[in-house]
Amino acid sequence: MPTPTPLKQSGDPRLDDVWARLATVSDPELDESVADMGFVESVEIGADDQVRIGLRLPTFWCAPNFAFLMAHDMREAVESLDWVNRAEITLKDHCHAEEINRGVGSGHSFAETFPGQATAELDELRLTFRRKAFQGRQEVLLRRLLADGFTAAQLCDMRIGGLVVLELADADGALMCQRYLEIRGEFGGPAEDSDGAFTTSEGEALSPENFTEYLKDLRRVRMNAAFNANMCRSLLQTRYGKAGE
Amino acid sequence: MYKTDEGEEIFVVDAHIHLWDARPENQRNIHGAQFINCFHDYHKALSPAEYLWTAEKFQHYGSDTLYEDLFVNGYADMAICQPTYLKEFYNTGFNTTEQNSELRDKYPERIILNGAFDPRDGEPGLEALEALVETYGVHGVKLYTAEWHGDSKGYKLSDPWAKRYLEKAQSLGIKNVHVHKGPTILPLNRDSFDVADIDDAATDFPELNFIVDHVGLPRLDDFCWIATQEKNVYGGLAVASAFVHARPRYFAEMMAELLFWVGEDKLLFASDYGIWQPKWLIEKFMAFEMPEDLKAETGVDLTPEAKRKILGLNAAKLYGIDVDAKKATLGAA
Numbered sequence: 000m001p002t003p004t005p006l007k008q009s010g011d012p013r014l015d016d017v018w019a020r021l022a023t024v025s026d027p028e029l030d031e032s033v034a035d036m037g038f039v040e041s042v043e044i045g046a047d048d049q050v051r052i053g054l055r056l057p058t059f060w061c062a063p064n065f066a067f068l069m070a071h072d073m074r075e076a077v078e079s080l081d082w083v084n085r086a087e088i089t090l091k092d093h094c095h096a097e098e099i100n101r102g103v104g105s106g107h108s109f110a111e112t113f114p115g116q117a118t119a120e121l122d123e124l125r126l127t128f129r130r131k132a133f134q135g136r137q138e139v140l141l142r143r144l145l146a147d148g149f150t151a152a153q154l155c156d157m158r159i160g161g162l163v164v165l166e167l168a169d170a171d172g173a174l175m176c177q178r179y180l181e182i183r184g185e186f187g188g189p190a191e192d193s194d195g196a197f198t199t200s201e202g203e204a205l206s207p208e209n210f211t212e213y214l215k216d217l218r219r220v221r222m223n224a225a226f227n228a229n230m231c232r233s234l235l236q237t238r239y240g241k242a243g244e
Numbered sequence: 000m001y002k003t004d005e006g007e008e009i010f011v012v013d014a015h016i017h018l019w020d021a022r023p024e025n026q027r028n029i030h031g032a033q034f035i036n037c038f039h040d041y042h043k044a045l046s047p048a049e050y051l052w053t054a055e056k057f058q059h060y061g062s063d064t065l066y067e068d069l070f071v072n073g074y075a076d077m078a079i080c081q082p083t084y085l086k087e088f089y090n091t092g093f094n095t096t097e098q099n100s101e102l103r104d105k106y107p108e109r110i111i112l113n114g115a116f117d118p119r120d121g122e123p124g125l126e127a128l129e130a131l132v133e134t135y136g137v138h139g140v141k142l143y144t145a146e147w148h149g150d151s152k153g154y155k156l157s158d159p160w161a162k163r164y165l166e167k168a169q170s171l172g173i174k175n176v177h178v179h180k181g182p183t184i185l186p187l188n189r190d191s192f193d194v195a196d197i198d199d200a201a202t203d204f205p206e207l208n209f210i211v212d213h214v215g216l217p218r219l220d221d222f223c224w225i226a227t228q229e230k231n232v233y234g235g236l237a238v239a240s241a242f243v244h245a246r247p248r249y250f251a252e253m254m255a256e257l258l259f260w261v262g263e264d265k266l267l268f269a270s271d272y273g274i275w276q277p278k279w280l281i282e283k284f285m286a287f288e289m290p291e292d293l294k295a296e297t298g299v300d301l302t303p304e305a306k307r308k309i310l311g312l313n314a315a316k317l318y319g320i321d322v323d324a325k326k327a328t329l330g331a332a
């Protein structure tokens with residue numbers, strides 16, 4: 000495999016394209032972008048439009064299935080840029096770095112990468128954590144709207160169309176809303192403007208009677224992801240120092 | 000023994016401690032080095048600055064340091080020594096029951112010694128378990144389901160062989176099963192931290208108590224759900240309790256969840272020593288008060304009564320410790 004020679008990196012506008020694509024890739028367990036988490040150690044663009052990306056994780060033992068998903072999704076996201084010839088992801092300091100780098104680099108599936116150790120692909124795992132991401136995003140938005148004065152009954156009745164045009168006063172609120180709408184099409188049943196904005200992940204309508212209990216269930220899921228993200232940030236910083244150091 | 004400002008004496012059981020040997024000469028391979036490095040990162044990430052250890056001290060601190068840190072400075076009356084064999088990573092093991100038994104023999108009033116088994120050892124392992132209970136008189140076991148074993152990178156408590164071992168353990172008088180969920184369980188395409196197998200085992204063995212280390216982290220949400228369904232599932236607070244210093248708000252939110260779902264009767268204080276030291280953990284835990292907004296939202300509080308249960312009374316109940324008699328024995332010593 001030819002090794003791309005790094006060009007002068009700063010000021011190359013294509014780097015921004017790469018980082019923008021990486022920002023769309025999530026750690027499935029945390030529902031946070033790999034870029035925001037500090038997992039992207041380096042981005043280099045080679046002479047032949049090859050992009051080399053260094054991936055680092057909080058521990059040597061981070062689950063290989065999630066590591067594979069991130070490396071795979073990063074390659075796919077960056078290669079979706081027109082000018083990119085190839086994106087090479089190099090996971091470092093990890094118990095399964097060799098297998099994952101070879102597997103993702105060769106376009107192998109997870110089961111092909113770990114023959115005998117994986118009995119199936121990662122679709123079900125991805126779905127499980129994507130559902131938790133839906134619940135977590137829904138919970139923060141519901142709490143925000145309750146704090147803004149909406150009642151449980153109003154939220155149970157709200158339509159997607161109504162949520163789309165809702166003007167939230169600040170950037171935080173707008174982002175919560177945007178992130179929820181992005182994932183609402185994947186869970187919660189039909190997602191036309193006339194459909195309910197807030198449904199369970201299975202598509203059941205919420206009722207004001209069980210609303211409080213429902214929120215407590217979601218809170219547990221969101222708390223867990225937030226706690227894990229915090230732990231991961233702390234460990235990453237301990238392992239590699241602050242970004243840029 | 001922790002004494003409050005009002006003079007009340009709080010009985011403390013540290014439910015999860017280790018005495019390990021991770022020195023380079025005992026490391027069998029790169030995994031042995033990476034395993035202790037990872038523990039050291041946890042130590043550095045969450046400890047107060049004045050409690051930080053160097054890599055060398057962290058690899059091997061010895062029984063005298065342990066006694067000092069736990070029972071002289073650290074307020075603990077008793078501690079439960081949990082073995083972690085890791086023979087794939089360390090020549091003589093990381094901390095085995097045999098190694099730990101020296102500590103128990105040195106401090107028999109202080110140390111509760113737990114054993115371990117691995118269902119992948121098959122028939123010979125069942126006999127070894129019997130010999131282990133006979134030799135060391137243990138009433139609890141620590142299971143590390145992610146431990147490597149030949150080609151296997153882990154097992155589940157719902158595996159048929161695991162059930163045979165649990166049956167055997169119960170027949171030998173084992174009451175308490177501590178379970179650590181770790182990151183490398185086969186098959187690799189499943190969620191390796193999944194705690195669902197504990198649900199199965201707890202239902203099948205209602206006479207056993209299952210203490211889930213680290214309250215199921217990083218699957219706290221699923222653990223909480225299981226612990227509400229199963230009356231014999233408990234949560235060990237190692238790792239979670241360390242957040243009280245560096246991330247108090249997260250600690251508060253997590254405790255609120257745990258108190259709401261699991262309840263104050265089913266949580267056990269644990270330091271995971273030598274990763275963290277009980278002295279600062281307990282001082283900060285005792286000083287901690289649940290923020291008003293969380294109290295209002297979840298309806299739970301970390302009351303003095305809850306703190307007493309979590310710090311020692313719950314573990315005493317599980318291990319059949321007569322707290323008053325033990326206080327008298329230790330006080331007279």
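Residue numbers (numbering that gives the first Met the number 0), protein chains in the order written: chain A, 0 to 244; chain B, 0 to 332. Ideal placement from N, C-alpha and C gives every residue a C-beta, glycine not left out.
Where the beta strand (DSSP E) containing residue i begins and where it ends
| i | result |
| --- | --- |
| Pro157 of chain A | Here residue 157 of chain A is Met; the residue named in the question, Pro, does not match the sequence. Per DSSP, Met157 of chain A belongs to no beta strand (DSSP E) and is neither H nor E. |
| Gly92 of chain B | No beta strand (DSSP E) contains Gly92 of chain B, which DSSP labels as neither H nor E. |
| Gly53 of chain A | 49 to 54 |
| Asn243 of chain B | Here residue 243 of chain B is Val; the residue named in the question, Asn, does not match the sequence. Val243 of chain B -> not in any beta strand (DSSP E); alpha helix (DSSP H) instead, spanning 242 to 245. |
| Leu112 of chain B | 110 to 112 |
| Arg119 of chain B | No beta strand (DSSP E) holds Arg119 of chain B; DSSP gives it neither H nor E. |
Three-state secondary structure assigned by DSSP to residue i
| i | result |
| --- | --- |
| His138 of chain B | coil |
| Gly330 of chain B | helix |
| Gln26 of chain B | strand |
| Phe209 of chain B | strand |
| Ser233 of chain A | helix |
| Thr2 of chain A | Reliability fails at Thr2 of chain A, whose pLDDT of 39 lies under 50, so the model's placement of it is uncertain and no value is given. |
| Gln58 of chain B | helix |
| His107 of chain A | coil |
| Thr23 of chain A | coil |
| Ser41 of chain A | strand |
| Asn175 of chain B | strand |
| Ser46 of chain B | coil |
| Gly184 of chain A | coil |
| Asp221 of chain B | helix |
Residue-chain proximity (residue i, chain A), Cβ-Cβ < 8 angstroms
| i | result |
| --- | --- |
| Leu317 of chain B | no |
| Lys152 of chain B | yes |
| Asn28 of chain B | no |
| Glu146 of chain B | no |
| Leu257 of chain B | no |
| Met253 of chain B | yes |
| Ala269 of chain B | no |
| Gln81 of chain B | no |
Host alpha helix (DSSP H) of residue i (start-end)
| i | result |
| --- | --- |
| Asp104 of chain B | 96 to 105 |
| Tyr318 of chain B | Segment: none, Tyr318 of chain B is in no alpha helix (DSSP H) and carries neither H nor E. |
Euclidean distance between Cα positions of residue i and residue j
| i | j | result |
| --- | --- | --- |
| Pro3 of chain A | Arg22 of chain B | Bear in mind that the predicted position of Pro3 of chain A carries a pLDDT of just 40, short of 50, making it unreliable; the figure below should be weighed with that in mind. Cα to Cα, the separation comes out at about 41 angstroms. |
| His335 of chain B | Leu141 of chain A | A query on residue 335 of chain B cannot be resolved here, the shown segment of chain B reaching from 0 to 332 and no further. |
| Leu317 of chain B | Asn227 of chain A | 29 angstroms |
| Pro247 of chain B | Trp279 of chain B | 13 angstroms |
| Trp160 of chain B | Gly121 of chain B | 7 angstroms |
| Asn113 of chain B | Gly160 of chain A | 59 angstroms |
| Ala170 of chain A | Phe59 of chain A | 36 angstroms |
| Pro82 of chain B | Ala115 of chain B | 7 angstroms |
| Gly153 of chain B | His95 of chain A | 15 angstroms |
| Ser191 of chain B | Asp122 of chain A | 15 angstroms |
| Leu6 of chain A | Asn229 of chain A | Because the pLDDT at Leu6 of chain A is just 42, under 50, the model does not fix this residue reliably, and the value given afterwards should be weighed accordingly. Looking at the two C-alpha atoms, the distance is approximately 35 angstroms. |
| Asn72 of chain B | Tyr66 of chain B | 9 angstroms |
| Thr328 of chain B | Val243 of chain B | 32 angstroms |
| Ala269 of chain B | Val83 of chain A | 51 angstroms |
| His15 of chain B | Glu129 of chain B | 23 angstroms |
| Phe70 of chain B | Ile110 of chain B | 10 angstroms |
| Ala251 of chain B | Leu51 of chain B | 24 angstroms |
Contact test: residue i Cβ vs the ligand GDP heavy atom, cutoff 7 angstroms
| i | result |
| --- | --- |
| Glu256 of chain B | Looking for the ligand GDP in the displayed structure turns up nothing, as the structure carries no ligands at all. |
CB contact below 8 angstroms: residue i versus chain B
| i | result |
| --- | --- |
| Phe186 of chain A | no |
| Glu120 of chain A | yes |
| Asn100 of chain A | no |
| Leu234 of chain A | yes |
| Pro63 of chain A | yes |
Practice item. Please name the residues in the segment 189 to 213 of chain B whose beta-carbon is closer than 8 angstroms to at least one beta-carbon of chain A, in chain order. Key: Listed in chain order, the positions of the segment 189 to 213 of chain B with a beta carbon within less than 8 angstroms of a beta carbon of chain A are Arg189, Asp190, Ser191, Phe192.
Point to revise | Residues, ordered as in the chain, of the segment 200 to 231 of chain A that lie near chain B by beta-carbon distance below 7 angstroms | key: So the close ones are Arg219, Val220, Met222, Asn223, Phe226, Asn227, Asn229.
Check your understanding: Using Cβ-Cβ distances below 9 angstroms, what residues of the segment 123 to 144 of chain A are close to chain B?
Key -> Answer in chain order: Glu123, Leu124, Thr127, Phe128, Lys131.
Practice item. With 9 angstroms as the C-beta to C-beta threshold (strictly closer), list the residues of the segment 224 to 250 of chain B near chain A in chain order. Key: Residues passing the 9 angstroms Cβ filter: Trp224, Val238, Ala239, Phe242, Ala245, Arg246, Tyr249.
**Study point:** Short-range partners of chain A found in the segment 274 to 306 of chain B, where Cβ spacing is below 7 angstroms
**Key:** Listed in sequence order: no entries.
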